[in-house]
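In full-length UniProt numbering, the protein residues as written are 1 to 396.
No residue lacks a Cβ here, since even glycine has one placed at the ideal position from N, Cα and C.
To start, the structure itself, in structure tokens.
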């Protein structure tokens with residue numbers, strides 16, 4: 001789980017990525033010291049860990065939270081140390097909130113080789129977290145994670161993400177020239193990570209989660225990835241850029257999504273009102289819900305590196321989509337939801353569904369407000385419909 005050491009030349013080169021890159025080992029202790037006294041982080045911790053004390057004696061609650069944070073982070077002086085602590089939390093979270101975590105496809109990948117993992121996106125924090133945990137268990141180095149700046153609404157969130165090897169994707173920048181410069185820098189950092197540092201990267205196949213369950217790659221992301229080679233080498237061949245980055249499609253599937261009702265509420269609002277306005281810090285609440293909520297079974301499948309002689313960004317996006325959909329694990333919840341919608345009875349296969357699966361599905365569906373049930377069901381049905389070419393996007 002250790003980043004390759006930077007040479008002096010590489011460190012100088014990375015100065016141009018200082019605003020977006022993850023923290024280096026030598027920055028870790030100072031960042032942790034800052035976090036241990038960040039009142040907003042401490043308040044967030046106490047609201048979940050010490051709710052009564054946080055309500056009646058906030059200063060005391062913050063002091064206790066600060067002491068516990070410093071104790072838990074004692075001895076953490078490098079990114080690897082920090083991620084080892086996260087690995088412990090992941091194991092605890094998996095045992096408490098899932099019915100099992102399964103991984104396929106890693107045996108096809110070289111542990112000493114860097115890859116650009118491009119995955120479908122269902123959960124803000126857990127998608128890359130499960131990728132990292134799978135890599136860690138298999139003896140691979142963990143990835144650098146692309147995260148949108150729209151999620152970094154608090155300084156302590158930015159610190160925590162960058163400690164965990166996250167780098168920042170610009171989404172809030174205004175103006176075409178500024179946006180172009182930002183995406184050129186992003187493309188340069190991803191290429192630098194893969195080709196110079198030999199350090200893998202995780203990137204979602206599109207901006208934002210697929211809240212309707214329809215996984216499709218945005219070809220604009222492929223074009224962004226190819227910018228750096230064109231600018232730095234004068235090579236505009238998309239096939240060469242893709243082979244250089246060693247893109248590996250990744251499919252992740254959750255039997256049940258803790259954020260499904262909130263996603264259904266957003267989909268309904270967009271259909272009825274034409275828009276949806278997030279409440280303050282809604283994404284942070286979604287992160288917490290995803291981590292703490294029941295997920296049933298979770299399965300992660302790594303595809304094969306893209307190696308064809310691609311001529312366009314659309315061809316690359318189509319191949320990523322093909323692998324993501326072909327490898328996407330289907331659970332009983334998907335089959336039962338499709339059956340409930342009546343959308344495509346010829347695609348329903350209930351042969352592996354147990355009475356316990358049916359009972360739990362009914363229990364979950366009954367907890368969904370009736371106006372939202374259609375959208376809740378589609379989130380689970382659409383992966384099957386999408387694979388058959390019959391899904392329609394609702395969250396674009």
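{"query": "Would you identify the three-state DSSP class for residue 299, choosing helix, strand or coil?", "result": "strand"}
{"query": "Spatial neighbours of residue 325 within its chain, please: CB distance less than 7 Å, with the 5 preceding and 5 following residues excluded, ordered by chain position.", "result": "215, 386 and 387"}
{"query": "So which of 270, 165, 258 and 200 has the shortest CA-CA distance to residue 24?", "result": "165"}
{"query": "Is the separation between the beta-carbon of residue 128 and that of residue 253 shorter than 7 Å?", "result": "no"}
{"query": "Whose CA, out of 144, 158 and 293, lies closest to the CA of residue 150?", "result": "158"}
{"query": "Quick one: using the 10 Å Cβ neighbour count with 16 as the cut-off for buried, is residue 255 buried or exposed?", "result": "buried"}
{"query": "Please specify which runs of the alpha helix (DSSP H), each continuous and at least 4 residues long, are wholly inside the region 12-68, giving them in chain order.", "result": "28-35, 39-49 and 51-56"}
{"query": "Could you tell me which whole beta strand (DSSP E) segments of length 3 or greater appear in the UniProt domain \"Phospholipid/glycerol acyltransferase\" (101-182)?", "result": "101-104, 116-119, 144-148 and 166-169"}
{"query": "Figure out for me which residue from 184, 185 and 146 has the closest Cα to the Cα of residue 167.", "result": "146"}
{"query": "Does the distance from the C-beta atom of residue 288 to that of residue 202 stay below 7 Å?", "result": "no"}
{"query": "Could you pull out every residue in the same chain whose Cβ sits closer than 6 Å to the Cβ of residue 262, ignoring the five residues on either side in sequence?", "result": "none"}
{"query": "Can you tell me whether residue 278 is buried or exposed, with buried defined as 16 or more other CB within 10 angstroms of its CB?", "result": "exposed"}
{"query": "At the level of alpha carbons, what is the spacing between residue 292 and residue 179?", "result": "35 Å"}
{"query": "Helix, strand or coil for residue 306, going by three-state DSSP, please let me know.", "result": "coil"}
{"query": "Using beta-carbon positions only, say whether residue 138 and residue 187 come within less than 7 Å of one another.", "result": "no"}
{"query": "Where residue 1 and residue 374 are concerned, what is the direct C-alpha to C-alpha distance, given to the nearest angstrom?", "result": "Interpretation of residue 1 is limited by its pLDDT of 48, a score under 50 that renders its predicted location unreliable; the figure taken from the coordinates is listed afterwards. Roughly 42 Å between the two C-alpha positions."}
{"query": "With a threshold of 6 Å on Cβ separation, who are the neighbours of residue 54 within its own chain once the five nearest residues in sequence on each side are excluded?", "result": "46, 47 and 61"}
{"query": "Have a look at residue 226 and residue 264 and give me their C-alpha separation to the nearest angstrom.", "result": "35 Å"}
{"query": "Determine the DSSP secondary structure at residue 252, reduced to helix, strand or coil.", "result": "strand"}
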